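For reference, the structure discussed in these notes is given below.
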Amino acid sequence: MEKIIAVLFMFAVSALLALIFFTLNRLLGPRKESVVKSVPFETGRAPITLPTHRMSIKFYMIAILFVLFDVEMIFFYPWAVVFRKLGILGLIEMGIFILVLFLGLVYAWKKGALEWE
Amino acid sequence: MNTAIGTIDWIPVAPFIALSVLGFLIMIIGLFFPRIYRETLGTITLVGLAVTFFLILQNWGEPRYAFANTIVGDKFSTVFNGLFVVGAALTILLSLNSQENRYLLYADYFTVIVFATAGMVLMSAGTHLLTIFLGLETLSIALYVLAGFRRENAFSLESAFKYFLLGAFASGFLLYGIALIYGATGSADIQEVTRWIQQNSLTGSLMLPIGFLLLFVGLGFKLAIFPFHMWAPDVYQGAPTPISAFMATGSKAAAFAALLRVALSTQSYTAIAWEQVLWVIAVATMTIGNIIALRQDNIKRMLAYSSIAHAGYILIGFIANNELGHSGMLFYLLSYTFMNIGAFGVISYLSTAEHEFVTLGDVRGLAYRRPFAAIAMAVFMFSLAGIPPTAGFISKFYIFSAAVKAGYVWLVILGVINSMISLYYYLGVVVQMFMSAVEEKAPATATQQPAVALALVVSMFAVLGLGIFPSRWLAVFMEMARSFI
Amino acid sequence: MNDYLWLIPFFPLLGFLINGLLGRNFSEKMVGIIGAGAIFLSFVTTLLTFKELLTLEPEHRIFIQKLYTWMATGNFSVDVAFRFDALSAVMTLVVTGVGFLIHVYSIGYMHGDRGFFRYFAFLNLFTFAMLLLVLGNNFLILFLGWEGVGLCSYLLIGFWYEKIDYANAGMKAFIVNRIGDFGFLLGMFLIFKHFGSLDFDQVFSNAAAVPPGVITAITLLLFVGATGKSAQIPLYVWLPDAMAGPTPVSALIHAATMVTAGVYMVSRASALYILSPLALSVVAVIGVATALFAATMAITSQDIKKVLAYSTISQLGYMFLAAGVGAFSAAIFHLMTHAFFKALLFLGAGSVMHALSNETNLMKMGGLRKHLPITFWTFLVGGLAISGIPGFSGFFSKDEILWKAFSSPFGSPVLWGVGAVAAGITAFYIFRMIYLAFYGESRVDPEVALHIHESPKVMTVPLMVLAVLSIIGGYVGIPHVYMGLEHFLEPVFEPASVAMAAGAAGHASASTEFTLMGISVVIALAGIYLAYQLYVMNPEKPRQLAQSMHGLYTLLFNKYYVDEIYQAVFVKPFVNLSNVFFWRFFDVKIIDGIVNGVARIFGNIAAGLRRMQTGIVQMYALSLMLGAIIIFGYFILR
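Protein chains in written order, with my numbering: chain G, 1 to 117; chain P, 118 to 602; chain S, 603 to 1240.
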C-alpha cells in the first residue's frame, strides 16, 4: 500500500511541476504577435506543399510490421516469468509462435515489404 | 499447468494443425517458386485438404477434449468440419478458371482460403466461447482479404471494405455477448456455462439472455439473416465468384455450427425463450430475401438475396429444436453447399477474363450454346427452388417436417409460400437458358476449364445423389443430433 | 411377389437417357424407335403384370415392390416402393397404352422439327414421371411424380421456345401448378404430423382414428393440389394457354394423363375423403361448377385446340363430380374413356392442323370432310363419344356419373341437373366444332388449300386404334358384363363403397335410372341438333345471335375475364411490392437518399469513392444496430 502511495505521490508531483512551468511561461513570457510569426515555416523557407499530403503505403507496411514484432516482444515477458513452470512444452510452444512469426517475416521480406524502392 | 506432451490428445486439434501447416506450406511454395503452375498449387492444396478430411474423420465418436477443454473432437465437429473442407475443395476447383486467371496471386489466394477453413474448423470444434471467437476472427479476416482479391476491380474493393467495416462492427457484438455471458456465469467455457444454467434460476436475470442474444447478433451477421443481411448482396456481387460461393456456404455453415453448438450444449432454448424472436426473424429473412431476388437481373446478386432466403429456411430447423430439425439443418447446409457452389460455379465456368457471365441476358439461349453448363445450371436452380428429386427438395422437406412436428404450422405455411415465390426467379434463369433464342451479339464463353467442370460434375452428382439416396446421410446427421442429448 | 414392377417406369427413363444424351447424333427414325419402343416395352410389362394380377383373388390383388428406403428418421420412413393394385393397373394401362399411340403419332407429327430428339426425350421423361405418380406406394413418391409431370409439361409447353408467348404459357402453367402443389405439400405435412407416416396402407387404415376436422383439412388441402393439376376452378387458367405446346403433347399431357392426376390422387385417398362429407361436397360442387363453366367457355372459342382444352376442363369436372359423390370407380371409368376419346380428338385436331399448315382457327377451316376422310370419321367417333351418344364409350361413363350424382347418398338432383345441362352444352360445342371444321364451305386460305393432304399412316393408324377404343372402351363398365370395372376396382375403394352402401337406402330404382338416362340422351341429341341447325343449316345465324346477345357473347369470348382479374388481383400487387417497395423504395429511396445526403456533406470526396464508401455502410451498420436494439427491447420489455 505504501509503495502505491509513493508512486501516486510521484505522479502528483511531476504533474504539478509541469503545470507550474507552463503557467509560469504563460505569465512571464512576452507575447508579440505578428503575421510573419504565424506563417508556417520549414527550415527557414516557406513550405512548398500542404502538410496534409498522402503518405506512401510503405510507411504503413513498416508500421504494421513494427507493431507485429513489438507485440511479439511483449509476449516474451510473461512467458519468461513462468518459463520454468511451463517446462519443455512451453519452450516448444514459444518455438512454434516464433516460427509462425518468422514465416510472416519471410513472407514480408520476399514480397518486398521491407524494400524502400 | 505442467502438461507433458505425451498426455495431450492430438486428434481433436489435428485438423486445425493440418490446415495451418498446409496454409504455410502453400505460402512458402508460392514465395520460393513464383512461377509454379496454378494447377500444381491447386493439386497440392487439394491433397492437403484430403489429408485434413481424413484427420477430421478420426474424430467421429465420443467427445474428446484437448487444450484445457477449449476444443473438442466429436460427431458434431466431424460432420461440420467435413462439410467445410469439401466446400473449400470445391472453391479451389472453381478458382482454377480463366476469369480469375488474370489477377489472382494463386499461392496467396489458396493460402488465405485454407486459413479461412482453419477458422471454420475452430468455430465448429471450439467448446470455449473465446475459441469460437478466435475461429470467427480467423475466418473473417481471411474473407475480408479474399473479397478484395480482384484488386483492379472497384466493386471488389468496395466489397472487401464494406465487409471489413461491418464485420468488425458485428464482432464487437459477439465479443460483448461473450463478456456478458462470462459476467453472468463466471466462465466462458461452454460446459461451465451449461453447469451454471442448470444450477441457477434465470428468472429476473437479463444479463445471460442478453449475452446470448448479442452472441446471436454477431453470428447472425455472418449468417446474413434479417436485419443483419444488408451487406450480403454488395459483398457477394463484388467478390471473386468462387469466393462468393465460399462465403455463402462455408462461412454460413460455420456460423450455424457455432450457433448450434452454443444453443444445443447450453440448452439456451430453455434458458431464454426466444422462439418468437427467431420466428419473426426467420419469416422476415425468407420473405425479404425472396422478394428482392425477384427483381434481380444479375445472377450473382440474385443468388446473394436467395442465400439470405435460404438462411431463413435453415433457421426454421433451428426453431423446430428437435432432432429432425437439427439434422435437417445439417442436411440443408450440405445440400446448399453443393447447389450454391454449383450455381456460382456455372458463372465461373462460362466467364472469361473480359466478360463475367452474370446477367439474365448473358445466359439467354445457353442451352444451345453450352448444353452441359445449361443442364448443370438447371439442376442447381431446381435444387435451390426445392423441386424433387434434388437435394434441395429433401432438405426443405426435412426442415418443414421437423417444424410441423414441433407445432409450427404457420411457420411452415409461410415457408412453403416463400419457396413458391422463389421458384419464379430460379425458373426465370432456366427459361432464359432453354427457351430463348441466342442473341447475336452474345459474348464469347470460356472454354477449356477442366477443374471447374470437375467441380460442377461433383456438385451435380451430389445434388442428385443426396436427393435420390438421402437416407444414409440423414442417419449420420441424426446420430450427430442425438449425441447432444 | 412381383419383382419386375420397376421395369415399367424404368423403360421410359432409359429412353429419356438414351435420347437425351445421344439423340443429337441419331436419325429421326432411330429416335422415334427408341422413344416409342421404350413406352411399348413398358406397356407390355404392364400387360404381363396385369395378367398376373388377375390370377389372384380380388381382395389380394396387389403387388408391392420396395426398391430401397428413401429416407428414414427414427420411426418414420419413406420407401421408394411401387404399388400395383386395381387402381394403379387401370392408370398404368391408360398411361402406357395411350402414351404409346401418341408416341407413334408424334413420329409423324414432329417430322422435320429441329428439336426432334429433345421432344422425344422430354416425352419419355414425362411418361416416367407419370408412371411414378400412379405406381408410387406413398404420398411422397406420388408427389415426386406430381412435380415431375409438372416440370415436363412445362418444358413441353414451351417447346417452341422461339415464340415468347409459348415460353410464357409454360411459365404460367408452372406457377399456377405451384399454387396447387402448395396445398398438396401442406396436406402431406399434416398427414405426416397426424399419421406419422406417408405410406398409403398405413395412412388409410388408420384414417378413422384421426379427428374429423383434421381429415377435412387434409382432404381439402389435397384437393387444392388436385385443382391445380387437374385444372379445376379456380386454378384452371393455365390449361387453355398450355395449348401452345405441340398437339400430341396436348393429347398426352393435357387430356389423357397428367391432368387426370388430380382425379387419381383424390381417388387414391378415397378412404380419407369418404370420412369428410364437407370435403366431398366441396369436390362435387367444384367439379360440377367447372363442368358447366368450362363448357360455356368452349362455345365461343374459335381455336380448335382451345375448344378441346375447355372441354377437357369440363370433363375433368365430371370426374370430380363423381369422386365428390363417392363414386370413385365411376370417376376412374370416365378417366379411362376420356383418355381414349379426348386423345383421339386432340390427335384428330393435330391431323387437321398438320394438313392446314398449323392453322388452328375454326373460322379458317370448313369442308374438310372430303380431304381428310380418316381424320373426319375418327374425329366424329370421338365427338359422339364425348357427347354421350348411346353405344359409344362416353355414354356409359358419363351416364354412370350422372346416375351416381343423383342416387348416391352424397349426391342430389341439383348436381344431376347441372351435370345434364353441361352434357347438353358439351354435345353442342363439340358438334359446332365438327361442323365448322368438316362441313360447309371451305374457308381455308387459298395458298394453304393447295397443300391439304391426309396425314401419313403413322398418324392415322393411332387415330383408328383410338377410335375403336373410344367405342368399345365403355363396355368394360357395364355391370352385367363379366367382371365390370367397378367390381374390379372395388377392393381399392372398399371404405368408400361401404359408406355408399350404408347410405344408399332408397331413392334409386332401375326405372328412375333408365328415365334419367333417357333424359340425358335427349339433352345431348338436342345439343347436336341445335349445332346442326346453327352451323350447317343457317351459317349466318350464329353471327346474328352473337350480335343480339352481345354482352353475353363478349363475356364468354373473353372467358369471363378471369385471366385479367387474376392478373390485377394477384400478380400485379406482388410485382409492385417487389418493384415499388423493396426495390425502388427501400434500396433506391432510402439508401440512395442517405448516399446523396452524405455526399452533400462530404462534397469533396471523390465521386468514385462516394458510392462505395460512406452512406451505404453506415446504413447497413445502422440496420444491424437497430435490429439488435429492437430484439433487446422486446426481451427487456416483454
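Ideal placement from N, C-alpha and C gives every residue a C-beta, glycine not left out.
Note that the structure is a prediction, hence the values are computed from the model and not measured.
- Distances from the alpha-carbon of M845 (chain S) to those of S:L1071, S:Y912, S:L1004, S:F797 put S:Y912 closest.
- When DSSP assignments are scanned along the region 35-113 of chain G, the uninterrupted stretches of alpha helix (DSSP H) that are 4 or more residues long and fall wholly within it turn out to be 35-38, 57-81, 83-110.
- Inter-residue distance for F601 (chain P) and S382 (chain P) is about 7 Å (C-alpha atoms, whole angstroms).
- When CB distances to chain P are screened at a threshold of 8 Å, not a single residue of the region 63-81 of chain G falls below it.
- Chain P has no Cβ within less than 7 Å of the Cβ of K58 (chain G).
- Per the coordinates, the alpha-carbon of K907 (chain S) lies some 43 Å from the alpha-carbon of Y466 (chain P).
- In this structure, C754 (chain S) sits near F728 (chain S), with a CB-CB distance shorter than 7 Å.
- Of the other Cβ atoms in all chains shown, 16 or more fall within 10 Å of the Cβ of W672 (chain S); this residue is therefore buried.
- Annotated as proximal: I249 (chain P) and A375 (chain P), with beta-carbon spacing under 7 Å.
- Using a Cβ-Cβ cut-off of 8 Å, I620 (chain S) is close to nothing in chain P; its nearest Cβ partner there is about 16 Å away.
- Within chain S, the residues L746 have their CB atoms less than 7 Å from the CB of P506 (chain P), given in chain order.
- Chain P places a beta carbon closer than 7 Å to that of G1229 (chain S), counting this residue as a contact.
- Rounded to the nearest whole angstrom, the C-alpha separation of L263 (chain P) and A277 (chain P) is 8 Å.
- In the assembly as shown, Y711 (chain S) is a buried residue. Its beta-carbon has 16 or more other beta-carbons within 10 Å.
- I433 (chain P): member of the alpha helix (DSSP H) spanning 416-437, first to last residue.
- Taken atom to atom, the span from the alpha-carbon of T564 (chain P) to that of F474 (chain P) is near 13 Å.
- Annotation note: the region 796-824 of chain S contains the following uninterrupted alpha helix (DSSP H) runs of length 4 or greater, listed N- to C-terminal: 802-807.
- Around the beta carbon of I4 (chain G), fewer than 16 other beta carbons sit within 10 angstroms, so the residue counts as exposed.
- Membership of V682 (chain S) in any alpha helix (DSSP H) is not indicated; the residue belongs instead to the beta strand (DSSP E) covering 678-687.
- In the three-state scheme derived from DSSP, where H, G and I count as helix and E and B as strand, Y606 (chain S) is classed as coil.
- Identification of residues in the region 203-224 of chain P having a C-beta nearer than 9 Å to some C-beta of chain G yields an empty set.
- Scanning its chain for C-beta atoms nearer than 6 Å, with the 5 sequence neighbours on each side dropped, one finds around G442 (chain P) the residues G434, A519, in chain order.
- Note: V189 (chain P) is bridge-paired with P:Y182 in the DSSP secondary-structure output.
- For G1075 (chain S), the closest C-alpha among the options S:K1006, S:S995, S:V1124, S:F718 is that of S:S995.
- In the DSSP assignment, N535 (chain P) falls within the alpha helix (DSSP H) that extends over 526-552.
- Rounded to whole angstroms, the gap between the alpha carbons of A287 (chain P) and P326 (chain P) is 18 Å.
- Rounded to the nearest whole angstrom, the C-alpha separation of L880 (chain S) and F343 (chain P) is 41 Å.
- Rounded to the nearest whole angstrom, the CA to CA distance from L581 (chain P) to T507 (chain P) is 5 Å.
- Fewer than three beta-carbon pairs drawn from the region 839-856 of chain S and the region 794-811 of chain S are found closer than 8 Å, and the two stretches are therefore not classed as touching.
- Listed in chain order, the positions of the region 338-353 of chain P with a beta carbon within less than 7 Å of a beta carbon of chain S are F338, P344, F345, M347, W348.
- Taking CB atoms only, I817 (chain S) has no neighbour in chain P less than 7 Å away.
- Rounded to the nearest whole angstrom, the C-alpha separation of T657 (chain S) and I664 (chain S) is 11 Å.
- N438 (chain P) and I398 (chain P) have their alpha carbons spaced roughly 16 Å apart.
- Taking 7 Å as the cut-off, the beta carbon of A775 (chain S) is found no closer than this to the beta carbon of I793 (chain S).
- By the criterion of a C-beta distance shorter than 7 Å, F745 (chain S) is surrounded in its chain by F786, M790, once the five residues flanking it on both sides are discounted.
- Interface annotation, K795 (chain S): in contact with chain P, CB-CB separation under 7 Å.
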